Every structure is written in C-alpha cells, then in structure tokens.
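Notes to accompany the following structure.
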Amino acid sequence: MSSDRSEHELRVSKIRNGTVIDHIAGGQALNVLAILGIDGSEGFGVSIGMNVPSDRLGHKDILKVEGRELSQSEVDVLSLIAPEATINIVREYNVVEKNRVEPPEEVVGVLSCPNRNCISNDSEPVETRFEVLDEGVRCDYCSEIIREQIADHIDV
Ligand code: CTP
Numbered sequence: 153m154s155s156d157r158s159e160h161e162l163r164v165s166k167i168r169n170g171t172v173i174d175h176i177a178g179g180q181a182l183n184v185l186a187i188l189g190i191d192g193s194e195g196f197g198v199s200i201g202m203n204v205p206s207d208r209l210g211h212k213d214i215l216k217v218e219g220r221e222l223s224q225s226e227v228d229v230l231s232l233i234a235p236e237a238t239i240n241i242v243r244e245y246n247v248v249e250k251n252r253v254e255p256p257e258e259v260v261g262v263l264s265c266p267n268r269n270c271i272s273n274d275s276e277p278v279e280t281r282f283e284v285l286d287e288g289v290r291c292d293y294c295s296e297i298i299r300e301q302i303a304d305h306i307d308v
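Per this note's numbering, the very first residue in the sequence shown carries number 153; after that it's consecutive.
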C-alpha cells in the first residue's frame, strides 16, 4: 500500500479472537448479521465495513465479530446471500482457518415461506424447510420457489 493511500485510509483494527467474514456481496452485511442473530445486544465487538473497495468483487462488505465463531449451519445459510464469502477464524490475532462457504442441500427453520396459504404459515408451529436449487430455494411443504432477495425472507 502506498504511504499516500494509507494516510487517507481508515482501517478497522485487527481482532484478537473471533471471526472475520470477508468478501460479502456489497450491501449484504446487515443481512449476514441477521442470520447470525447478532443485533449488538450480546456484547460482542462487531465491526462492519460496507461497500469497501475490493480487488476481487469491485466492492464488498466485511464483518468482524470478536469472541464468536460460527457454526456450520450458520455458514451454510450465509452461502445463500453471500456465496463469495470467506470465513476467517482468528485466534490470538492469527488467521488459523480460512474457509469458503458452500451451499447446503436444505435450509431448516431460517426462511419463512412467502406463500400465505403454506402450512408453514399456519398458527400451528412447524419448522420451515427449503430445498436449495441452482435457481433459488423451494419450500418442502408447498413447492413455492424463492428466486431473488432470499435475505428478505429470513425469519430470525
Ligand atoms: N483479520 C483481522 N484480525 C486479525 C487477522 C486478520 O481482522 N487478527 C482480517 C484481515 O483484516 C482480513 C481478513 O481478516 O480482512 C483475512 O485476513 P488475511 O487472511 O490475513 O488477509 P488476506 O490474505 O488479504 O485474505 P484473502 O486472501 O482471503 O483476501
């Protein structure tokens, strides 16, 4: 990095322990936080960079969550809205693991079905289930397909 650029850049500090979710599609960071169920009240340190320049993506979002590692099911769901994301596990300031996300076969209990007549929307509680397809996700109960803006249907 040139000294000129570093003078003008506000850099978010490195974290000691936790997770850095990098290469999130620009504008999706808040949806990623919603999937993780983080709203700030838990007390974790959270840094959010939105629409920051990226060589690979043009611009990207980045999230740093201190003191929290992600479960596989959380990472699976992230892949639906941030397919290019890299999950970096940081311990004692070092990146000890770096994983790309992979789409799961199904997503259970995370998305709500947009079909109002679907039984998953009845007052009787039933866990939502969607099969992951190339073109979107399909409700197991009524076969409704969500093709776009999947994050709008996150029910967390
Ligand atoms: N990071 C951090 N705190 C640390 C270590 C790393 O916040 N203690 C952040 C870095 O700022 C970076 C991300 O975690 O945004 C990944 O770190 P690293 O693998 O060192 O960076 P790159 O090699 O640039 O990652 P990539 O190749 O995945 O782009």
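C-beta atoms are modelled at their ideal positions from N, C-alpha and C, and glycine is treated no differently. Quantities reported herein were computed from a predicted structural model and do not represent experimental measurements.
Cα separation between residue i and residue j?
| i | j | result |
| --- | --- | --- |
| Ile173 | Cys294 | 33 Å |
| Leu222 | Ile241 | 9 Å |
| Glu296 | Ser193 | 34 Å |
| Ile167 | Leu230 | 21 Å |
| Lys216 | Val253 | 16 Å |
| Glu257 | Ala234 | 16 Å |
| Glu300 | Ser264 | 14 Å |
Does the Cβ of residue i have 16 or more other Cβ atoms within 10 Å, making it buried, or fewer, making it exposed?
| i | result |
| --- | --- |
| Leu232 | buried |
| Asp228 | buried |
| Ser250 | Inspection of the sequence shows that residue 250 is occupied by Lys rather than by Ser. When all chains shown are included, Lys250 counts as exposed. |
| Arg290 | buried |
| Gly179 | exposed |
| Ile271 | exposed |
Would you kindly report the start and end of the unbroken beta strand (DSSP E) that includes residue i?
| i | result |
| --- | --- |
| Asn198 | What sits at residue 198 in the sequence shown is Val, not Asn. Segment Val198 to Ser206, the beta strand (DSSP E) holding Val198. |
| Asn240 | Thr238 to Arg243 |
| Ala303 | Careful: Ala303 lies outside any beta strand (DSSP E) and carries neither H nor E. |
| Asn246 | Asn246 to Arg252 |
| Leu209 | Careful: Leu209 lies outside any beta strand (DSSP E) and carries neither H nor E. |
| Val259 | Glu258 to Val260 |
If you follow the alpha helix (DSSP H) that residue i is in, where does it begin and where does it stop?
| i | result |
| --- | --- |
| Glu226 | Gln224 to Ile233 |
Opposite residue i in the DSSP bridges: which residues?
| i | result |
| --- | --- |
| Gly288 | Leu285 |
| Asn267 | The partner list for Asn267 (beta bridge, DSSP) is empty, contrary to what the question assumes. |
| Leu309 | With the chain represented from 153 up to 308, any question about residue 309 goes unanswered, as that position is not in the structure. |
| Lys216 | Val172 and Ser199 |
Just to check, is the beta-carbon of residue i closer than 7 Å to a non-hydrogen atom of ligand 3?
| i | result |
| --- | --- |
| Val247 | Looking for ligand 3 in the displayed structure turns up nothing; the ligands present are ligand 1. |
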